Amino acid sequence: MRETRLWSVHLLVIPIIVVLLGAHFAVMHYAPVFYGVSIEEARNFETMIERGRSVAQLVLYILLLAAALYHGLYGLRGILRELTLTPGLGKIVDTSIILLGLFIFALGAYVTWWTFSFKIGG
Amino acid sequence: MSDKTNTPREITFRVRRFDPDTDSAPHWSEYRQHVHDGMTVLEALHQLKAEQEPTLSWRSSCRMGVCGSCGMFINELPQLACQTQVLHLGTDVVSIAPLPNYDNVKDLVPDLAPLIEKHAAIKPYIIYTDQIEIDSPTGEFLQTPEEREAFSQFTHCIKCGLCLAACPTVATDPLFLGPQALAQAYRYTADNRDCGMKERIEAIDIFHGPYQCHFAGACSQACPKGVDPAFGIQLLKRALVLDSIGFGKKKSLLAKVMPLADVVKAIEEFAPPPRTV
Numbered sequence: 000m001r002e003t004r005l006w007s008v009h010l011l012v013i014p015i016i017v018v019l020l021g022a023h024f025a026v027m028h029y030a031p032v033f034y035g036v037s038i039e040e041a042r043n044f045e046t047m048i049e050r051g052r053s054v055a056q057l058v059l060y061i062l063l064l065a066a067a068l069y070h071g072l073y074g075l076r077g078i079l080r081e082l083t084l085t086p087g088l089g090k091i092v093d094t095s096i097i098l099l100g101l102f103i104f105a106l107g108a109y110v111t112w113w114t115f116s117f118k119i120g121g
Numbered sequence: 000m001s002d003k004t005n006t007p008r009e010i011t012f013r014v015r016r017f018d019p020d021t022d023s024a025p026h027w028s029e030y031r032q033h034v035h036d037g038m039t040v041l042e043a044l045h046q047l048k049a050e051q052e053p054t055l056s057w058r059s060s061c062r063m064g065v066c067g068s069c070g071m072f073i074n075e076l077p078q079l080a081c082q083t084q085v086l087h088l089g090t091d092v093v094s095i096a097p098l099p100n101y102d103n104v105k106d107l108v109p110d111l112a113p114l115i116e117k118h119a120a121i122k123p124y125i126i127y128t129d130q131i132e133i134d135s136p137t138g139e140f141l142q143t144p145e146e147r148e149a150f151s152q153f154t155h156c157i158k159c160g161l162c163l164a165a166c167p168t169v170a171t172d173p174l175f176l177g178p179q180a181l182a183q184a185y186r187y188t189a190d191n192r193d194c195g196m197k198e199r200i201e202a203i204d205i206f207h208g209p210y211q212c213h214f215a216g217a218c219s220q221a222c223p224k225g226v227d228p229a230f231g232i233q234l235l236k237r238a239l240v241l242d243s244i245g246f247g248k249k250k251s252l253l254a255k256v257m258p259l260a261d262v263v264k265a266i267e268e269f270a271p272p273p274r275t276v
């Protein structure tokens, strides 16, 4: 793929990360400010599972996972490939980054889906 | 009256020497030399070679900042030796080394092959895709002053290679196309007579292309001709992004061809007045 597209996407996901990370912070770290509940209450198991079963939460975290992973791994690839002196090694770095990204995404998506489909007491 | 009548000042020149036939590694040699006001580093080197060190090697030609041959690392900055006055450096010790980020051929001679190869890779010429017009020209291409202004400064590049020597990205990533080639890629794609974006993309839209630029700006500071390659790289990024989403510059070159008959008419119209002597 043209580098321009990869680079453009890495910039385009920045506002997505800012918005979704803001939502994550609002729920997890500033719950007393936005929802009037204590931090402990916002983070206890039942509350998290309850929240995790909403479609909004599922979409938010899968999107945030994809956007942050892409942005972070694109940056990591840039650092690694700048140190890479042969085109062959560059391709190995690219492939490794893609595989790493897919693995982490699959893992994160599985956890998010598991939370979404979790049945308390069942 | 020339300043050369001023009393000469003695300056120490620390010159990095390397002869691949006899040396295993570069070393520094020191020479003391009288320098007068207005004397360039290149003149000082010529004097040094004539009076003290006949084996000293460097590359130079025009002595007027046009050919771009005499780029050297003078007092830790890439500069043209013919454009740098010794006393303007303001130091009693002047260090002279070959340009960094290049292999060293001998003494102060860098191997500029990577510069030329990268420059050639971006197809640094106007690419016109209408083969019929190329084979049988029907006229001349028009270019307004505004269209020329879009890339004018980048035409001043003399390929001295100082920008690549100054570039921190080239230092860590030798495959990076570098400011010279990328600014020239912009120079040609921005030219309204050029249709070569598609052909150039293969060479420039790569990992080691414009997106590797860290925007240190050292290339623009080093350029002896006042070109701003760092800016050229940013303009090239914009052109590539617009092209990738289908908003690239649309060129209607054929519409801009001026028929030969009109060219002759224009030449007659703007012809200088007849000679009076």
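Sequences listed follow chains A and B, in order. 24 is the number that numbering that gives the first Met the number 0 gives to position 25 of the first sequence; each next residue is one higher, with no gaps. 149 is the number that numbering that gives the first Met the number 0 gives to position 150 of the second sequence; each next residue is one higher, with no gaps. C-beta: ideal position from N, C-alpha, C; glycine also. Just so it is clear, the structure is predicted and the values come from calculations on it, not from any experiment.
Is V240 of chain B close to chain A, meaning its C-beta is less than 8 Å from at least one C-beta of that chain?
-> For the purposes of this step, residue 240 of chain B is taken as residue 241 along the second sequence, with counting starting at 1. It does: the Cβ of V240 of chain B has a partner Cβ on chain A nearer than 8 Å.
Cβ-based neighbour list, A80 of chain B, same chain, cut-off 6 Å, excluding 5 preceding and 5 following | Taking the second sequence and counting its residues from 1, the one referred to as residue 80 of chain B is at position 81. Taken in chain order, the residues that qualify are V40, L41, C69, M71.
Looking only at its own chain, which residues have a Cβ that is under 7 Å from the Cβ of R76 of chain A, when we skip the five neighbours before and after it?
-> Numbered from 1 along the first sequence, position 77 holds the residue referred to as residue 76 of chain A. Counting only residues of its own chain and dropping the five nearest sequence neighbours on each side, R76 of chain A has a CB closer than 7 Å to the CB of V92, D93, I96.
Are the C-beta of S243 of chain B and some C-beta of chain A separated by less than 8 Å?
-> Here residue 243 of chain B refers to the residue found at position 244 when the second sequence is read from its first residue. By the rule that beta-carbons nearer than 8 Å mark a contact, S243 of chain B touches chain A.
What is the rounded straight-line gap between the Cα of G74 of chain A and the Cα of E132 of chain B?
-> By one-based count along the first sequence, residue 74 of chain A stands at place 75. By one-based count along the second sequence, residue 132 of chain B stands at place 133. Approximately 46 Å between the Cα atoms of the pair.
Three-way DSSP call (helix, strand, coil) for L253 of chain B in this model | Residue mapping note: residue 253 of chain B aligns to position 254 of the second sequence, counting from 1. In this prediction, L253 of chain B scores a pLDDT of 49, lower than 50, which makes its location untrustworthy; no coordinate-derived value is stated.
Between the CA atoms of L57 of chain A and Q128 of chain B - distance to the nearest angstrom | Here residue 128 of chain B refers to the residue found at position 129 when the second sequence is read from its first residue. Here residue 57 of chain A refers to the residue found at position 58 when the first sequence is read from its first residue. Reading off the sequence, residue 128 of chain B comes out as Thr, not Gln. In a straight line, the C-alpha of T128 of chain B is about 51 Å away from that of L57 of chain A.
So with Cβ pairs under 8 Å, would you call S95 of chain A a contact of chain B?
-> For the purposes of this step, residue 95 of chain A is identified with residue 96 of the first sequence, where counting begins at 1. No, its Cβ sits nowhere closer than 8 Å to a Cβ of chain B.
Q32 of chain B: which of B:S23, B:E52, B:D22, B:T21 sits nearest, CA to CA?
-> Counting from 1 along the second sequence, the entry for residue 32 of chain B is found at position 33. The shortest CA-to-CA distance from Q32 of chain B to any of B:S23, B:E52, B:D22, B:T21 is the one to B:E52.
Could you say which of B:F206, B:D242, B:R13 lies nearest to K90 of chain A if we only look at CA atoms?
-> Mapped onto the first sequence, residue 90 of chain A falls at position 91. When each option's Cα is compared against that of K90 of chain A, the closest is B:F206.
Examine the Cβ distances between the region 174-182 of chain B and the region 209-227 of chain B and report whether three or more of them are shorter than 8 Å.
-> Enough Cβ pairs lie closer than 8 Å, so yes.
Determine the direct distance from the alpha carbon of V93 of chain B to that of V14 of chain B, and round the result to whole angstroms.
-> To locate residue 14 of chain B, count along the second sequence from 1; it is residue 15. To locate residue 93 of chain B, count along the second sequence from 1; it is residue 94. When only Cα atoms are considered, V14 of chain B and V93 of chain B end up about 8 Å apart.
Report the rounded CA-to-CA distance for A229 of chain B versus P167 of chain B, giving the unit in angstroms.
-> For the purposes of this step, residue 229 of chain B is taken as the residue at position 230 of the second sequence. For the purposes of this step, residue 167 of chain B is taken as the residue at position 168 of the second sequence. A229 of chain B and P167 of chain B have their C-alpha atoms some 12 Å from each other.
Chain B contact for E2 of chain A (CB, 8 Å cutoff) = What you label residue 2 of chain A is simply residue 3 of the first sequence in a count that begins at 1. Closer than 8 Å: yes.
Do P7 of chain B and N103 of chain B have their C-beta atoms within less than 8 Å of each other?
-> Locating residue 7 of chain B in the second sequence gives position 8, counting from the first residue. Locating residue 103 of chain B in the second sequence gives position 104, counting from the first residue. Contact flag unset, no.
Given 8 Å as the limit, is there contact between the region 158-174 of chain B and the region 98-118 of chain B, that is, 3 or more CB pairs closer than that?
-> Yes, the region 158-174 of chain B is in contact with the region 98-118 of chain B.
Interface flag, D172 of chain B vs chain A, CB-CB below 8 Å = As a working note, residue 172 of chain B is residue 173 in the second sequence. Answer yes: the Cβ-Cβ gap between D172 of chain B and chain A drops below 8 Å somewhere.
Distance, I126 of chain B Cα to I15 of chain A Cα | As a position in the first sequence, residue 15 of chain A is number 16, starting the count at 1. As a position in the second sequence, residue 126 of chain B is number 127, starting the count at 1. Spanning the two alpha carbons is a distance of roughly 40 Å.
Cβ pair D204 of chain B, T3 of chain A closer than 8 Å | The count along the second sequence starts at 1 and reaches residue 204 of chain B at position 205. The count along the first sequence starts at 1 and reaches residue 3 of chain A at position 4. Contact check for D204 of chain B against T3 of chain A passes: the beta carbons are separated by less than 8 Å.
Could you spell out where the beta strand (DSSP E) holding R8 of chain B opens and where it closes?
-> If you number the second sequence from 1, residue 8 of chain B lands on position 9. R8 of chain B -> beta strand (DSSP E) spans 8-16.
Using the C-alpha atoms, what's the distance from R16 of chain B back to P136 of chain B?
-> The count along the second sequence starts at 1 and reaches residue 136 of chain B at position 137. The count along the second sequence starts at 1 and reaches residue 16 of chain B at position 17. The straight-line gap from Cα to Cα measures roughly 54 Å.
Taking the Cβ atom as the reference point for each residue, do I157 of chain B and G231 of chain B lie within a distance shorter than 8 Å?
-> In the second sequence, the residue the question calls residue 157 of chain B occupies position 158. In the second sequence, the residue the question calls residue 231 of chain B occupies position 232. Against a cut-off of 8 Å, the Cβ pair of G231 of chain B and I157 of chain B comes out as no contact.
Step through the CB atoms of chain B and report whether any lies within less than 8 Å of the CB of G71 of chain A.
-> Indexing the first sequence from 1 puts residue 71 of chain A at position 72. The C-beta of G71 of chain A comes no closer than 8 Å to any C-beta of chain B.
Rounded straight-line distance, which links the Cα of Q142 of chain B to that of L253 of chain B = Taking the first residue of the second sequence as 1, we reach residue 253 of chain B at position 254. Taking the first residue of the second sequence as 1, we reach residue 142 of chain B at position 143. Confidence at L253 of chain B is low in this model, with a pLDDT of 49, below 50, so the placement of that residue should be treated as unreliable; the coordinate-derived value is given next. Between L253 of chain B and Q142 of chain B, the C-alpha separation is close to 12 Å.
Since I believe A66 of chain A is in contact with V110 of chain A (beta carbons under 8 Å), could you give me their beta-carbon distance rounded to a whole number of angstroms?
-> Within the first sequence, residue 110 of chain A is the residue found at index 111, counting from 1. Within the first sequence, residue 66 of chain A is the residue found at index 67, counting from 1. Not a contact, Cβ separation roughly 17 Å.
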